[in-house]
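One structure is given here, and the rest of the page talks about it.
In UniProt numbering, the protein residues as written are 1 to 258.
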């Protein structure tokens, strides 16, 4: 398989690992730069067995090349409105409301809310906000004309919930090919590897609804057990320091070459 990799990914300090992994695996790849505001990209190849990796922009634009396989998995079942119908209460935030970022949101005194982008996952990082933090955030982002956030950008809002530890799982062909914690909260004992209970939960969810041939699932342990934090497109999901990038791209190459 041929991998097309976006090189100008400055927000992910571990992005360089993909080039090291492909070199070590002796897998053919090409490199491309794409502007965040691009509406198309021009890359010539006779190959049809192409997999793209980089930003949301390349993942979205690669859908225009319908003859590439696997190309990009952007959209489709990755939308919250789709996968929430299947995972239901297994989601950390299964009750959400959708608004424009410029809409007024009702807050209770001292309340915190979890707010994230609704359909453009990477325009900002979802997190817990207080009312003041959110209003300041919205004002600054709408004033900054260099980002992709507009007054009509959609957000989803839900109750803030306590998580104990959070992990990212990379899934190819229904199998977890890599997993690792990206956040251990205070009082959570250190674990080098994701617990068997967490992996069992994820495998149960995959069997329940295998969202795509290849995708990324973030899970967390809560006071109510394991939950899904969110689903991410594998073509634009970032690495963490403990991500085994070589294992991921080896699995992708083997699966889609067969």
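From the three backbone atoms N, C-alpha and C, an ideal C-beta is built for every residue, glycine too. Fair warning: this is a prediction, and the values are worked out from it, not measured in the lab.
Asked	Found
Helix, strand or coil at residue 77 [DSSP, three-state]	helix
Residue 124 to residue 159 span [Cα, whole Å]	18 Å
Cβ neighbours of residue 12 in the same chain (closer than 8 Å, five flanking residues each side left out)	238 and 239
Segment limits, alpha helix (DSSP H) that includes residue 255	245 to 257
Bridge partner(s) assigned by DSSP for residue 196	Paired residues: none, contrary to the question.
Burial state of residue 198, where buried means 16 or more other Cβ atoms lie within 10 Å	buried
Terminal residues of the alpha helix (DSSP H) in which residue 19 lies	17 to 25
Those runs of the beta strand (DSSP E) which lie wholly inside the region 76 to 115 and span at least 3 residues	97 to 100
Own chain partners of residue 72 with C-beta closer than 6 Å, once the 5 adjacent residues on each side are dropped	52, 59, 62, 63 and 235
Pair within 9 Å by beta-carbon distance, residue 156 and residue 87	no
Option in 19, 57, 18 and 22 with minimal Cα separation from residue 34	57
Given 8 Å, three or more beta-carbon pairs between the region 98 to 107 and the region 202 to 216	no
Bounding residues of the beta strand (DSSP E) (the contiguous stretch that carries residue 218)	214 to 222
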